[in-house]
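Take a look at the structure below.
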Amino acid sequence: MDLKAEMALPDDALANVLRRLAPRCLAASRSVCKAWRSIVDARQLLLAHLLPHSLRGIFINYIDYRRPHLLARPPSKTYPAVDGNLEFLPYYTQGFNSILDHCNGLLLYGNGWMYCVVNPATRQWERLPRMDAHDYVPYLVFDPAVSCHYEVLLFHCEPEKPKKFDLIEFFSLLDDVSIVEGTVEDESQDEPVKRPPEQSIEDLHSLMEWPPWQWTIPVFSSITCQWQERSFVRQGEAVRSMTDVQLDTVQPTVLRGARWRYGLYWRGALYVHCRGAFVTRLSLSDGKYQVINTPVDVEESKQARPYLGKSERGVYFATIQDEYKLRFWNLNESSGHLDWVLKHNIQLDVSGLCAAMHFYHHENNGPRILEGDNDGGNNIALLEEDTEWNSDDDNIMNFNQGGFEDHYSCVSFLGFHPYKEVVFLELSFRGVAYHLNSSKVQYLGKLRPKDYYQAYTNGIYESFMYTPCMVGELSEIPPYNVCQD
């Protein structure tokens, strides 16, 4: 008789046991074995409202402004409020820290010296051990359907140059050793050693392949509560040399617009848009990574303003070129090869866009508000029972209506709707949603905080789609430990 089979609980009995667990423990139980995961999923024990399933708003960082804001529809009677101001964080309103990343309901907040992981839905947070990572770009990884633990990975902005090797100093050290041993010969001093040209040292660095065969990255794990180095081994060939990487600008060439180096988490892998016109796909389970060329090369990306994001069908890459020309690709991973498939090629009708923004700005100022802006009613919220950002039911007009001209600056990406093929755009501090399949546009609201000073450098630096999650517990740390760094 099979002892394991004799001792195993029937599925119904096991389901009754599992449903008594707290959401955090229930989420962790899914990783015990496939049978447990099947029971939890088949019976929907982990209620859908506990896991990220709706878009609540957009967190926005501004250029040279003291703190981020959340653009969101106000809560209804059915759904609890989410503290978009993060007022439960000590000193939040006093510093110049930013939202650095978002993943499935958790935010990474701070700067290059201090990081906090925050859950606005549960008002919980914890501070990570101090890490001098000013030259790094952090990425947060969290999948509550698999585990309640999270990780933070730090990517260096660009490869470090190797230290210069001084031949004269090296041979002088050898001479000193030889003199002590009494083995110096007069013939060895026939000609002085010449220093190699400085350019040759730079050339060696320029010819180095990138990314490297083994990529070592600082990683913080909430399991160990420590920073540790983790190595990822490349599968396939490197696609760039350091010369190619250096041709790619670190920051956007325009004063306004979000950063270029976004990352996203999708089905157990972290995708990072890297300098050099490529995307890395890091498999967190087996320590391997792949290099994916972007659909546009280094030269074209200088003018195309690329954006990497996640939407209904997985990983998307988008560009804005010539101010109003939008292109969207979807990464196809089904065939075993990683290929970009062009899905949409759109020339925005400026007249129609301006008409939509002008009409809805003067009629109701948009259905979303900047939380904590205290604008005294300058934005009128459309209160509905469903606080999910549906993007299907309000302020929609055909994009090609036209009939209105006005002056607006170029379009910038805010991000993708994570569950629908909708892209959010910014135009002169106005937010709009563009439906890729129907070519319809809806006006979302004003994006400029009331107390944001007027200057030509004003603009949105970064934006992150926020999907609330009620799973995952973070330890609250006393205020005196939190940072006003």
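Each residue of the sequence shown is one higher than the one before, starting from 1 at the first, in UniProt numbering. Every residue gets a Cβ at the ideal spot worked out from N, C-alpha and C, and that includes glycine. Computed from a prediction, not measured in an experiment: that's the story for all the values here.
Query: Ser-412 - containing beta strand (DSSP E), residue span; Result: 412-416
Query: Other residues of its chain near Val-141: CB distance less than 8 Å, five sequence neighbours each side excluded; Result: Cys-103, Tyr-150, Glu-151, Val-152, Leu-153, Tyr-265, Leu-270, Leu-284
Query: Within 8 Å, strictly: CB atoms of Gly-314 and Tyr-139; Result: no
Query: Residue of Ile-223, Leu-207, Trp-227, Val-296 minimising C-alpha distance to Thr-216; Result: Trp-227
Query: Environment of Thr-467 [buried if 16+ CB atoms lie within 10 Å]; Result: buried
Query: As assigned by DSSP and simplified to three states, the class of Leu-26; Result: helix
Query: Supposed contact pair Leu-331 and Ile-346 - C-beta distance, whole angstroms, cut 8 Å; Result: Not quite, the Cβ-Cβ distance comes to about 19 Å (not below 8 Å), so this is no contact.
Query: Proximity winner among Arg-19, Val-118, Val-341, Pro-418, relative to His-53 (alpha-carbon distances); Result: Pro-418
Query: Identity of the residues DSSP links to Asn-61 by a beta bridge; Result: Glu-462
Query: Simplified DSSP state of Arg-73, which is helix, strand or coil; Result: coil
Query: CB of Ile-58 within 8 Å of CB of Met-465, strictly; Result: yes
Query: Residue environment, Asn-481, which counts as buried when at least 16 other CB atoms sit within 10 Å; Result: Bear in mind that the predicted position of Asn-481 carries a pLDDT of just 41, short of 50, making it unreliable; the figure below should be weighed with that in mind. So Asn-481 counts as exposed.
Query: Euclidean distance between Cα positions of Val-432 and Met-208; Result: 43 Å
Query: Cβ shell of Gly-236 (< 7 Å), same chain only, five flanking positions each side left out; Result: Gln-290, Val-291
Query: Spatial neighbours of Ser-221 in its chain, beta-carbon cut-off 6 Å, leaving aside the 5 residues before and after; Result: Glu-151
Query: Of the residues Arg-43, Arg-20, Asn-16, Asn-61, the one placed nearest Val-462, counting alpha carbons only; Result: In the sequence as displayed, the identity of residue 462 is Glu instead of Val. Measuring from the Cα of Glu-462, the nearest candidate turns out to be Asn-61.
Query: CB of residue 519 within 8 Å of CB of Ala-121, strictly; Result: In the structure as shown, the chain begins at 1 and stops at 485. Residue 519 is therefore absent and cannot be evaluated.
Query: Boundaries of the alpha helix (DSSP H) in which Asn-16 is found, first to last residue; Result: 11-18
Query: Short Cβ contact (8 Å threshold) for residue 494 with Gly-110; Result: Residue 494 is absent from the structure shown; the chain starts at 1 and stops at 485.
Query: Pro-90 versus Glu-126, Tyr-452, Ala-22, residue with shortest Cα-Cα distance; Result: Glu-126
Query: Assigned exposure category for Gly-415 - 16 Cβ within 10 Å defines buried; Result: buried
Query: The beta strand (DSSP E) enclosing Ala-318, as first and last residue numbers; Result: 314-321
Query: DSSP state of Arg-37 mapped onto helix, strand, coil; Result: helix
Query: Secondary structure of Ala-433, DSSP reduced to three states; Result: strand
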